[in-house]
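Residue numbers (the UniProt record's numbering): 1 to 113.
Glycine residues also receive a C-beta, built at the ideal position from the N, C-alpha and C atoms.
Written out as structure tokens, the structure is:
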């Protein structure tokens, strides 16, 4: 899966990935590290994580975001993260996924189980 995502993002300056089943976020550090090593430098990476509410009311999605932001800072990847808690896809709104600017050099992908 990682290889396919990297191929889709080849040559893109900005990347937006939407993870519709965000849990621990364990798959994203490998992508971030691969992007950091990309010839010509890494693209700007935006990750939107969507997951269910936690039974203990902790904000697990934000905790994942903080950890990924720390990694991004360490490996010099421009990174933005947004986490949304949703019981179902019906709870989501299109404005949650809008990109800042569209045009050349942008790519998107979704990660669904």
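Less than 8 Å between C-beta atoms, sequence neighbours within five positions excluded: which residues of the same chain meet that for residue i?
i          : result
residue 95 : none
residue 92 : 50, 84 and 86
residue 22 : 49, 50, 51, 61, 64 and 83
Spatial neighbours of residue i within its chain, please: CB distance less than 7 Å, with the 5 preceding and 5 following residues excluded, ordered by chain position.
i           : result
residue 97  : 18 and 48
residue 77  : 32, 35, 36, 42 and 45
residue 101 : Because the pLDDT of residue 101 is 47, which lies under 50, any placement of that residue in the model is unreliable, and the number read from its coordinates should be weighed accordingly. Excluding positions up to five away in sequence, the list is empty.
Should residue i and residue j be called a contact, given that it needs their Cβ atoms to be closer than 7 Å?
i          : j          : result
residue 9  : residue 45 : no
residue 31 : residue 61 : no
residue 34 : residue 6  : yes
Taking the alpha carbon of residue i as the point to measure from, which residue in the options has its own alpha carbon closest?
i          : options           : result
residue 71 : 39, 40, 54 and 25 : 25
residue 40 : 54, 76, 74 and 11 : 11
residue 73 : 4, 29, 16 and 15  : 29
Measuring only from the beta carbon, is residue i closer than 6 Å to any heavy atom that is part of the ligand SAH?
i          : result
residue 40 : Absence of the ligand SAH from the depicted structure is noted, as is the absence of any ligand whatsoever, leaving it without description.
Check whether chain C comes within 7 Å of residue i, counting only Cβ atoms and requiring the distance to be less than that.
i          : result
residue 80 : In the structure shown, chain C cannot be found, because there is only a single protein chain.
Touching by the beta-carbon criterion (3+ pairs, under 8 Å), the segment 72-88 and the segment 50-59: Cβ pair count under 8 Å is three or more, so yes.
Those runs of the beta strand (DSSP E) which lie wholly inside the segment 31-90 and span at least 3 residues: 44-51 and 79-85
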